[in-house]
Each structure stands twice: as structure tokens, then as C-alpha cells.
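One structure is given here, and the rest of the page talks about it.
Numbering (my numbering), first residue to last: 751 to 959.
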């Protein structure tokens, strides 16, 4: 046990909860890809996605409860709160976009949605790995490398979004433009939220290295 761990009690519950949260976020991203790549029985699929999102909310609530009753925390309280919120935001956008697709009456998905969903999944996989690394922070540079990759994926999602909107405005169907533009943008925002997590993790790695 290191000197820091001996002097300052480290509450491992936070790291357990963050890892559970990251796993749930990734589960949502996996299921998003299932829905978009096999767009059938959408109502039931949306119900299942809502259950995943609800599980994420419950874990986030546990983080906040733990924070309120813990005197000495392994990270700064602000860092804990920011990370929990950022992780929850990813899942909110994944779920929200799925519900939006059903609510808008979207009957089929397209290559832009599939590519954005793929980039979301790659991003959440990076988030999963990076979150596990902050438990010990033996190698802050490893955390930073995953954060850099998340940023790269977000930039790719920006490009896909730009191409998707450009393609949309080549059509004359105003209602379709409005519907699909919202969906494309919200899928891209999910990668923005992954980048928000990366920013928090990067701050943690720098502060505690």
C-alpha cells in the first residue's frame, strides 16, 4: 500500500460505481448498434433501451448518494460529480435518440446513422477502458491516450454529421430533413458527451499523477 493510500482512506466504492456506469453506457451503445443495424420491432427495442438508461440513472444516483455520505473521497468531490454526470449524459443521448427515431416514425435507418452508431460504440469502449485505469492511475499517460482516441472519434463523427446534413439538403422533403437532421445531430452529440468524459478523465489523470 502506498503512502497516499495509508494516509488518506480510499473509498473504492466510487471506482466500482464508475466502472458499472461505464459498462452500462457501453451496453447502451452496443444495443444502439443492434437497433440501427436491424431496425425491426422498434417499440420493444426502445423499451429495452429505456431499461438500460434507467439502470444508468440508478448507478449515477448511487454515486451522488455515496458522495454525500463520504467524508474523505479518492478523487475531488467535483471530479466525482462531473464524471458521473458526463457518463450519464452519454446514455441519455443514446436512449433519447432511439426514442426519437420511434417517435418520429422513422421506418428505416441509413448508412450515416450506422456509421455514427459505430463511432459511438468505439468511443464508449475507449471510455470503458479509461475509466478502469483511474482506479490506480499507475500510468496517467495510458489514460491520456484513450482520451486522445475519444477526441479523434468525435472529430470523425463531426465529419459524418456534415456529410449527412449535406446529403439531406440535396432532397426536397422538408419533413424528412427535419426528422433526420435531429437524429443525426443527437447521435453526434453522444460522441460529444464521450469527449466530455474524456476531458474529465484527462483532468483527473493530470491532477492525481
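Every residue gets a Cβ at the ideal spot worked out from N, C-alpha and C, and that includes glycine.
From a predicted model like this one, the values you see are computed outputs, not experimental measurements.
First and last residue of the uninterrupted alpha helix (DSSP H) at residue i
i           : result
residue 768 : 763 to 787
residue 952 : 924 to 958
residue 814 : 792 to 819
Distance between residue j and residue i (C-alpha atoms, nearest Å)
i           : j           : result
residue 873 : residue 904 : 8 Å
residue 721 : residue 826 : Any answer about residue 721 is impossible in this case: the structure gives the chain only from 751 up to 959.
residue 914 : residue 934 : 7 Å
residue 798 : residue 789 : 14 Å
Simplified DSSP assignment, three categories, for residue i
i           : result
residue 845 : helix
residue 887 : coil
residue 914 : helix
residue 862 : helix
Contacting residues, own chain, Cβ-Cβ under 7 Å from residue i (five flanking each side not counted)
i           : result
residue 769 : 881, 882
residue 924 : none
residue 875 : 776
residue 899 : 876
Contact set for residue i: own chain, Cβ-Cβ below 8 Å, skip 5 residues either direction
i           : result
residue 802 : 774, 777, 778, 781, 841, 845
Sequence-distant residues of its chain with Cβ nearer than 6 Å to residue i (five each side left out)
i           : result
residue 792 : 852
residue 953 : none
residue 958 : 887
Pair every Cβ in the stretch 801 to 818 with every Cβ in the stretch 888 to 895, then say whether three or more of these pairs are closer than 8 Å. Short answer: they don't touch.
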